[in-house]
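Trainee: Sharing a structure here in structure tokens format.
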Ligand SMILES: *[C@@H]1O[C@H](CO)[C@@H](O)[C@H](O)[C@H]1NC(C)=O
Ligand SMILES: *[C@@H]1O[C@H](CO)[C@@H](O)[C@H](O)[C@H]1NC(C)=O
């Protein structure tokens, strides 16, 4: 039996595991593994301590099936949760006995992503990692710290080493809280964790949950100023996406990718060296996802709008997803055509959002500056590799939010008023990240999660243009996707 990435539904797990199989699995698990599995699959953490502690007592006295007991009482989606828990425990031996490939499961549950989980509570996943990373003496130390905060610490737990059980107790007495509505409180625990040097990463993750930033994967970059880069729009979009995540995720079987690559301009704007690298990378990336690719270069304003308007006419509407990638100079609220005219985002949106394409997911990706950049665009900087995609700030066009146009999404290389950086050989930071992330995760994670990954990894990029330090923050300009979607590799990008 093997998983396929289009079958995201819970049914998949149901075809792999049932109560009889779970009984076999449980025979192979130690008591500490059983406690860990239970800890991970709990539905309501606030009130779980008693039940789990009773099960633990039962398992201690005689060899009983406590996971079975639990899932019988809490049957909702248990199959998926158990498989995800086994993945997180990295119990490959048991998984092998299920006759499914660990790699397939890994793709489905990505247990190594610290801030992602499929069916399991992601904060619980993080707390489990905490338990795993403390050795015996450190666990004792942490427990002592916490007992010193809680006078009447439960005496039942006096001779219990399992930190997960203690954690459930902490939740019961509301020393920490993990709740379903995304409000977590880890403050008191964090205070103590900070005393452990090795737990920095876990502490930062927990802090993120606490601050409701838990959808942001930091990719190993733990600068203290991370939060400064989190634009409010970014956060809002993240939570929005988080909610969407629970909904159905549409698999993309048939896509169209149109790339408008503006390299040469009439006179005032610099030639955009490096843009062809971007264009090739995009083309290669989307080809790998089975998309039909169309590339146009150096379009004038009229041609640009016509091409966008005629997408349905020229290519039909028999695909489920359209990516329109525009690589050019920009101004606040739009991009520049090769005849150096302004093409507003609004005009692009109106052209693309037509009735014929109303059922097609339409994603616009824009690499261009969005603001005051004249200072950077002095000519005669041929030796400087980094440059920007814009000219001046003299025009302000505000793109309207046109509610009736659904399934539309714009992902911009930068927020309004800022520059976009392009390397004259290696292409733009933004497009390079988009390609990189899609190649690595595009067929494993829903699109909006990939978008968030691009946003976070952009934080790691910085460089100097004429002595000025630049960083870049992409943003989601419009998000009217009513559900998330996921790309499908036709060639194996990830495990080659
Ligand atoms: C536990 O970990 C700490 C910190 O890494 C280390 O100093 C200590 O020796 C370890 N103790 C044991 C018993 O391994
Ligand atoms: C883009 O293409 C260049 C040249 O083919 C390659 O070296 C680079 O790794 C590619 N980047 C991405 C993100 O695919």
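Numbering (my numbering), first residue to last: 195 to 690. From the three backbone atoms N, C-alpha and C, an ideal C-beta is built for every residue, glycine too.
(1) Give me, in chain order, the residues of the same chain whose beta-carbon lies closer than 6 Å to that of residue 597; leave out the 5 immediate sequence neighbours on both sides.
(2) Report buried or exposed for residue 525, applying the criterion of at least 16 other Cβ atoms within 10 angstroms of its Cβ.
(3) Is the beta carbon of residue 507 less than 9 Å from the beta carbon of residue 545?
(4) Taking the CB atoms as reference points, tell me whether residue 603 and residue 542 lie closer together than 9 Å.
(5) Let me make sure I understand the geometry here. Which of 380, 320 and 452 has the alpha-carbon closest to that of residue 557?
(6) Do residue 626 and ligand 2 come close, with the Cβ less than 8 Å from some heavy atom?
(7) Which partner residues of residue 525 appear in the DSSP bridge assignment?
(8) Measure the Cβ-Cβ separation of residue 522 and residue 621 and say whether it is below 9 Å.
(9) So if I measure from each beta-carbon to every heavy atom of ligand 1 and keep distances below 6 Å, which residues remain?
(10) CB residue 633 to CB residue 482, shorter than 9 Å?
(11) Do you know whose CA, among 210, 477 and 242, lies nearest residue 629's CA?
(12) Should residue 693 be listed as close to ligand 2, given that the test is whether its C-beta is under 8 Å from any heavy atom?
(13) Taking only beta-carbon atoms, is residue 671 less than 9 Å away from chain C?
(14) Using C-beta distances below 6 Å, list every residue in its chain close to residue 681, excluding the 5 sequence neighbours before and after it, in chain order.
(15) Considering only their Cβ atoms, is the gap separating residue 299 from residue 211 smaller than 9 Å?
(16) Contact defined as beta carbons within less than 8 Å: I believe residue 262 pairs with residue 227. What is the distance between those atoms, to the nearest angstrom?
(17) Expressed to the nearest angstrom, what Euclidean distance is found between the alpha-carbon atoms of residue 358 and residue 322?
(18) Just confirm the distance between the C-beta atoms of residue 312 and residue 278, as a whole number of angstroms; I'd bet it's less than 8 Å.
(19) Given a cut-off of 9 Å, decide if residue 389 and residue 339 are closer than it, judged by their beta-carbon atoms.
(20) To the nearest angstrom, how far is it from the Cα of residue 344 to the Cα of residue 288?
(21) Return helix, strand or coil for residue 655, following the three-state DSSP convention.
(22) Which partner residues of residue 556 appear in the DSSP bridge assignment?
(23) If you run the structure through DSSP and keep just helix, strand and coil, what is residue 425?
(24) Looking at residue 607 and residue 625, is the spacing between their C-beta atoms short of 9 Å?
(25) Taking the alpha carbon of residue 459 as the reference point, which residue from 493, 364, 471 and 444 has its own alpha carbon closest?
(26) Exposed or buried, what is residue 274 when buried is set at 16 or more other beta-carbons lying within 10 Å of its beta-carbon?
(27) Assign residue 665 to one of three DSSP states: helix, strand, or coil.
(28) Could you spell out where the alpha helix (DSSP H) holding residue 507 opens and where it closes?
(29) So residue 564 is in the alpha helix (DSSP H); what residue range does that whole segment cover?
(30) Just mark residue 553 as buried or exposed, buried being the case when its beta carbon has 16 or more other beta carbons within 10 Å.
(31) Rounded to whole angstroms, what is the Cα-Cα separation between residue 302 and residue 272?
(32) Per DSSP, residue 678 is paired with what?
(33) With DSSP as the reference, please indicate the residues paired to residue 386 in a beta bridge.
(34) For ligand 2, is there a heavy atom less than 8 Å away from the beta-carbon of residue 629?
(35) Do residue 319 and residue 240 have their CB atoms nearer than 9 Å?
(36) Check residue 353 in the structure and name its three-state DSSP category.
Mentor: Let me lay it out:
(1) Any answer about residue 597 is weak, because its pLDDT of 42 lies below 50 and its placement is not dependable; what the coordinates show is given next. Cβ neighbours of residue 597 beyond the five flanking positions: none.
(2) buried
(3) no
(4) no
(5) 452
(6) Checking every heavy atom of ligand 2 against the Cβ of residue 626, one is found closer than 8 Å.
(7) 528
(8) The criterion of a C-beta distance shorter than 9 Å is not satisfied by residue 522 and residue 621.
(9) Residues whose Cβ lies closer than 6 Å to any heavy atom of ligand 1, listed in chain order: 329, 330, 331, 332 and 392.
(10) Result yes, Cβ atoms of residue 633 and residue 482 sit closer than 9 Å.
(11) 477
(12) Here the chain comprises residues numbered 195 to 690, so residue 693 is not present and cannot be evaluated.
(13) Absent from the structure is chain C; it holds one protein chain and no more.
(14) Contacts found: 446, 483, 636 and 637.
(15) no
(16) Going by Cβ atoms, the distance from residue 262 to residue 227 rounds to 14 Å, so no, they are not a contact pair.
(17) If you take the alpha carbons of residue 358 and residue 322, they lie about 7 Å apart.
(18) 6 Å
(19) yes
(20) When the Cα atoms are used, residue 344 and residue 288 turn out to be separated by approximately 39 Å.
(21) coil
(22) 516 and 602
(23) With a pLDDT of 29 at residue 425, under the threshold of 50, the modelled position of this residue cannot be trusted; read the value that follows with caution. When DSSP states are grouped into helix, strand and coil, residue 425 belongs to the coil group.
(24) yes
(25) Here the closest residue by C-alpha is 493.
(26) buried
(27) coil
(28) According to the DSSP assignment, residue 507 belongs to the alpha helix (DSSP H) that extends over 505 to 509.
(29) Here residue 564 belongs to no alpha helix (DSSP H), and DSSP marks it neither H nor E.
(30) exposed
(31) A direct Cα-to-Cα measurement between residue 302 and residue 272 gives close to 16 Å.
(32) 443
(33) Looking at the DSSP output, residue 386 shares a beta bridge with no other residue.
(34) Residue 629 Cβ: within cutoff of ligand 2.
(35) no
(36) Here residue 353 sits in coil by DSSP.
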